[in-house]
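Colleague: Just dropping this structure here.
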Amino acid sequence: MSTPNNLLLLFEHPQEPAYVPKGSKKTVFNVPYNYLPDKYKPIGVALTDRFGAQTNEKIPLKKIAIPELGEILDLARDENFSLFLPKHRDIAGQLIEIFMGMRTWEDLLSMAVYARDRVNPYLFNYAFSVALLHREDTKKLDLPSLARFFPDKFCDSKIFVRAREEAKLVPEGLRTPLVIPKDFTASELEEEQRLAYFREDIGANLHHWHWHLVYPLNGSKEIVAKNRRGELFYYMHQQIIARYNFERFCNKLKRTERFNDFTQPIKEGYFPKLDSAVASRAYPPRVANQKFQDLRRTADQINVDVEDLKRWSDRIFNAIHEGFVKNEKGQIIFLTENEGIDILGNIVESSVLSPNRTVYGDLHNMGHVFSAFIHDPDHRYLETFGVMGDVATAMRDPFFYRWHSYIDDIFQQHKNTLPRYSEDTLKYPGITITGVEIDTSNILNTFWQQSDIDLSRGMDFQEEGSVFVRFTHLQHQPFTYNISVKNDNPGTKMGTCRIFLAPKFDERGRAWVLREQRVMFIELDKFIVTLKQGVNTIQRKSDQSSVTIPFERSFRDLDTNRPSDGTDLNQFNFCGCGWPQHLLIPKGTPEGMPCELFVMISNYDDDKVEQNMDGACNDAGSYCGIKDKLYPDRRSMGYPFDRLPREGVKTLREFLTPNMRVADVTIRFKDRTIAPKQAF
Ligand code: CUO
1 MSTPNNLLLL
11 FEHPQEPAYV
21 PKGSKKTVFN
31 VPYNYLPDKY
41 KPIGVALTDR
51 FGAQTNEKIP
61 LKKIAIPELG
71 EILDLARDEN
81 FSLFLPKHRD
91 IAGQLIEIFM
101 GMRTWEDLLS
111 MAVYARDRVN
121 PYLFNYAFSV
131 ALLHREDTKK
141 LDLPSLARFF
151 PDKFCDSKIF
161 VRAREEAKLV
171 PEGLRTPLVI
181 PKDFTASELE
191 EEQRLAYFRE
201 DIGANLHHWH
211 WHLVYPLNGS
221 KEIVAKNRRG
231 ELFYYMHQQI
241 IARYNFERFC
251 NKLKRTERFN
261 DFTQPIKEGY
271 FPKLDSAVAS
281 RAYPPRVANQ
291 KFQDLRRTAD
301 QINVDVEDLK
311 RWSDRIFNAI
321 HEGFVKNEKG
331 QIIFLTENEG
341 IDILGNIVES
351 SVLSPNRTVY
361 GDLHNMGHVF
371 SAFIHDPDHR
381 YLETFGVMGD
391 VATAMRDPFF
401 YRWHSYIDDI
411 FQQHKNTLPR
421 YSEDTLKYPG
431 ITITGVEIDT
441 SNILNTFWQQ
451 SDIDLSRGMD
461 FQEEGSVFVR
471 FTHLQHQPFT
481 YNISVKNDNP
491 GTKMGTCRIF
501 LAPKFDERGR
511 AWVLREQRVM
521 FIELDKFIVT
531 LKQGVNTIQR
541 KSDQSSVTIP
551 FERSFRDLDT
561 NRPSDGTDLN
571 QFNFCGCGWP
581 QHLLIPKGTP
591 EGMPCELFVM
601 ISNYDDDKVE
611 QNMDGACNDA
621 GSYCGIKDKL
631 YPDRRSMGYP
641 FDRLPREGVK
651 TLREFLTPNM
661 RVADVTIRFK
671 DRTIAPKQAF
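According to this note's numbering, the sequence shown holds residues 1 to 680 in order.
This is how it looks when you write it as structure tokens:
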């Protein structure tokens, strides 16, 4: 019997046809003759008989009227797919609509099998994932991690020949994990390499991919128009930049420089050493000191001048300073105190919600595209895009952070125009935080950890059985926050506890002014507390964080912990979006990095969002929102650091009201590597 879970089998071995056995049960789809791509039709019966004989589990496909795939097929199966290219975005939107339009999941299964072997495999994965996440009848399915099926986007390309050799020669029980070195993209001569552990972290890149799956730019309004999606685009990326700059300080580097002059050479190069399995080509490197050039790539339908970027950005800055934008009809839309940021987010990202794509253009996406094609702007060498062109790989390139710092600066310019939070707004009458500490003597301990993941489901046309790779990532010792709170009100009160961390000093070792430090705060957690009258002690564990998901979730596969009948998935109520738990705490330094841990309890009456949370995904709400629900905090994202401090406040200490407190903590890094706990 077929179940919705069978849909997930279509992710596996993306380039092997649908009639080849899939999953641990070696399930085979009964592919009708007319579904076979033309090249397999002459040998169709022999093929389906051959693979059908290898299994007891055959899945019938419902007969449906197949819609035309039309220009979706313009993207060849061996090209690379990019969400940043308008043409690709457009055809992805069309494919999503086809999948969304299928009446039942059985119809969808049939359609997806038909499309899978015709459409570009990466485009298929993206559009199919978006559809599964958003359809009523499939949205409880637990999408497996992209790293399982496209390991080429995450792992040193050298590993794959070794993996094939291992799979061919070594019996499954005797295979040992193949080790990916921690530093494989550059030597120490390149100082940016100190950040490779962060930029190339598989979990961080998976988070970024998944975030963009949840918040697509194109498609119908019901998919795109999520609550505060423009604001979340700003906030999630702002937090990535804050985290990156924090890590830079840990590595004795200054903040990343925003790329605000589009005519300047980019001094940092990047050589990704990834091969795209779909395109059978390497992701091209970006050598140092190249400049953006006008793009004339007819095949990609890209014809943009560097000057266009300038024009769009000037118009956006003007709008910010005038306080309003104009829509396509010339009507004025004010960038209001609370909703302005959401509109601006959609304008800068150029989602279909942008009120005027003609005037404000496609600034953010085209920054990705200019840098992704910097090596071949007129397509004379027939080269495809670099890692900046793909949301699954973009965070690897140092330029990602330079570009997004510039993008963030646009949002900060807007934030700087907003009224500042007064002392009265920030206070919570009767509530005083009397103590904040971390149970490990205010020391956060970090180190390296090795983990193993199985890549075999993403390696096409090879011998069967698991092949593990072992990679090394940052890790921290779990810890607990202990927060003491006095409630002098006559009864119980509710509050939102907001926890942030920032470096205590700037890159020159000087004490901060808060107007600069405020953008350095990384959110660690946010949760609701009930405060009884009198003294309260709040204990909260680091792994409960509202920004992260556990390691097993970042790397989830098709089989682990999954109910077999596909009907009761509520208990697996994560949807896969979230910052990786292992990167919650920045690396720190061997001597101990001084930091400030900020805790605030705000009045829940002003924060709360009334909604029914039944069946909600237990995602990392702070960076990802909550699937199908309103953003779970009424305050502006990043509150209370999203605006300039009130007049007269220069430092964090001066900013504090009784419902806030700061503790000095230290992040201490030990250069030791912990062996893997368990393979995934
Ligand atoms: Cu997520 Cu530029 O938006 O990468």
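For every residue, glycine included, the Cβ atom is placed at its ideal position computed from N, Cα and C.
Out of VAL224, PRO594 and HIS473, which has the shortest C-alpha to C-alpha gap to GLY509?
Modeller: GLY509 has its Cα closest to that of PRO594, out of VAL224, PRO594 and HIS473.
Colleague: Taking all protein chains shown into account, do 16 or more other C-beta atoms lie within 10 angstroms of the C-beta of TYR381, making it buried, or fewer, making it exposed?
Modeller: Classification for TYR381: exposed.
Colleague: Flag this pair as touching only if the region 389-396 and the region 271-289 have three or more C-beta atom pairs under 8 Å; answer yes or no.
Modeller: Yes, the region 389-396 is in contact with the region 271-289.
Colleague: Using a threshold of 8 Å, state whether the C-beta atoms of PRO151 and PHE11 are closer than that.
Modeller: Cβ distance not < 8 Å, so PRO151 and PHE11 don't count as in contact.
Colleague: At the level of alpha carbons, what is the spacing between ILE66 and THR55?
Modeller: Each residue's alpha carbon lies about 27 Å from the other.
Colleague: Kindly indicate which three-state DSSP category CYS577 falls into: helix, strand or coil?
Modeller: Residue state, collapsed to three classes: coil.
Colleague: Which term fits PRO17, buried or exposed, when burial requires 16 or more other beta carbons within 10 angstroms of its beta carbon?
Modeller: Buried, since its Cβ has 16 or more Cβ neighbours within 10 Å.
Colleague: Would you call the region 120-127 and the region 244-256 in contact, with 3 or more CB pairs under 8 Å?
Modeller: Taking 8 Å as the limit for Cβ pairs, the verdict is that the region 244-256 does not touch the region 120-127.
Colleague: Kindly indicate which residue of ARG553, PRO645, PHE370 and LEU501 has the alpha-carbon position closest to the one of PHE84.
Modeller: Here the closest residue by C-alpha is PHE370.
Colleague: Would the C-beta of ALA372 count as close to the ligand CUO, meaning under 7 Å from any of its heavy atoms?
Modeller: No, the beta carbon of ALA372 sits no closer than 7 Å to any heavy atom of the ligand CUO.
Colleague: Quick test of the definition: if touching needs 3 or more C-beta pairs under 8 Å, does the region 481-490 touch the region 524-540?
Modeller: Because the criterion of three Cβ pairs below 8 Å is met, the region 481-490 and the region 524-540 touch.
Colleague: If you run the structure through DSSP and keep just helix, strand and coil, what is ARG553?
Modeller: If DSSP states are grouped into helix, strand and coil, ARG553 belongs with the helices.
Colleague: Can you tell me the Cα-Cα spacing of GLU188 and VAL599, whole angstroms?
Modeller: C-alpha separation (whole angstroms): 38 Å.
Colleague: Is the beta carbon of ALA167 closer than 8 Å to that of GLN462?
Modeller: In this structure, ALA167 lies closer than 8 Å to GLN462 by Cβ.
Colleague: Got a sec, what are the start and stop residues for the beta strand (DSSP E) MET450 sits in?
Modeller: It should be noted that the sequence gives Gln, not Met, for residue 450. Note, GLN450: beta strand (DSSP E), 443-454.
Colleague: Could you tell me the alpha carbon to alpha carbon distance between THR666 and ILE443, rounded to whole angstroms?
Modeller: When rounded, the distance between both Cα atoms is 5 Å.
Colleague: Can you give me the Cβ contacts of THR256 inside the same chain, cut-off strictly under 8 Å, excluding the 5 residues immediately before and after it?
Modeller: Same-chain partners within the cutoff: ILE241, TYR244, ASN245, ARG248, PRO398, TYR401, ARG402 and SER405.
Colleague: Can you tell me whether DSSP reads SER622 as helix, strand or coil?
Modeller: Helix, per DSSP.
Colleague: Nearest-angstrom Cα distance between LEU95 and GLU68?
Modeller: Using only the alpha carbons, I get a separation of about 10 Å.
Colleague: Only counting the same chain, and skipping five residues up and downstream in sequence, which positions put a Cβ closer than 6 Å to that of ARG634?
Modeller: These residues qualify, in order along the chain: ASP607 and VAL609.
Colleague: Of all Cβ atoms in chain D, is any one closer than 8 Å to the Cβ of VAL535?
Modeller: The structure shown has no chain D; it contains just one protein chain.
Colleague: Using the rule of at least 16 other Cβ atoms within 10 Å of the residue's Cβ for burial, across every protein chain shown, is ASP568 buried or exposed?
Modeller: Because the pLDDT of ASP568 is 41, which lies under 50, any placement of that residue in the model is unreliable, and the number read from its coordinates should be weighed accordingly. Looking at its Cβ environment, which holds fewer than 16 other Cβ atoms inside 10 Å, ASP568 is exposed.
Colleague: Are the region 428-445 and the region 471-485 touching, with three or more C-beta to C-beta distances below 8 Å?
Modeller: The region 428-445, when compared against the region 471-485, does touch it at the 8 Å Cβ threshold.
Colleague: Indicate the three-state DSSP secondary structure (helix, strand or coil) for GLN54 in the structure shown.
Modeller: Of the three classes helix, strand and coil, the one that applies to GLN54 here is coil, per DSSP.
Colleague: Using only the alpha-carbon positions, how far apart do ARG420 and ASP378 sit?
Modeller: In a straight line, the C-alpha of ARG420 is about 47 Å away from that of ASP378.
Colleague: Could you tell me which residues DSSP puts in a beta bridge with ASP275?
Modeller: For ASP275, which the question treats as bridged, DSSP gives the partners ALA282.
Colleague: Please classify TYR19 as buried or exposed, where buried requires at least 16 neighbouring CB atoms within 10 angstroms.
Modeller: Result: buried.
Colleague: Is HIS212 near the ligand SAH, in the sense that its beta carbon is under 7 Å from a heavy atom of that ligand?
Modeller: What this structure holds is the ligand CUO, not the ligand SAH.
Colleague: What's the C-alpha gap between VAL662 and HIS582?
Modeller: Near 24 Å, if we compare the C-alpha coordinates of HIS582 and VAL662.
Colleague: Return yes when the C-beta of HIS582 is under 7 Å from any heavy atom of the ligand CUO, and no when it is not.
Modeller: No - the ligand CUO has no heavy atom lying nearer than 7 Å to the Cβ of HIS582.
Colleague: Taking MET111 as the reference, which of ILE159, VAL469, THR48 and LEU36 has the closest Cα?
Modeller: Of the listed residues, the one whose Cα sits closest to MET111 is LEU36.
Colleague: Please determine whether the Cβ atom of VAL391 lies at a distance below 7 Å from any heavy atom of the ligand CUO.
Modeller: Answer for VAL391: yes, Cβ within range of the ligand CUO.
Colleague: On the DSSP bridge assignment, give the partners of TYR481 in chain order.
Modeller: Answer is ILE438 and ARG540.
Colleague: Three-state secondary structure (DSSP) at ASP664?
Modeller: In this structure, ASP664 counts as strand in the three-state DSSP scheme.
Colleague: Could you tell me the alpha carbon to alpha carbon distance between PRO590 and ALA196, rounded to whole angstroms?
Modeller: So the two alpha carbons sit approximately 18 Å from each other.
Colleague: Could you work out which residue in ASP305, LEU232 and ILE549 is closest to THR263 when comparing CA atoms only?
Modeller: The option with the nearest alpha carbon to THR263 is ASP305.
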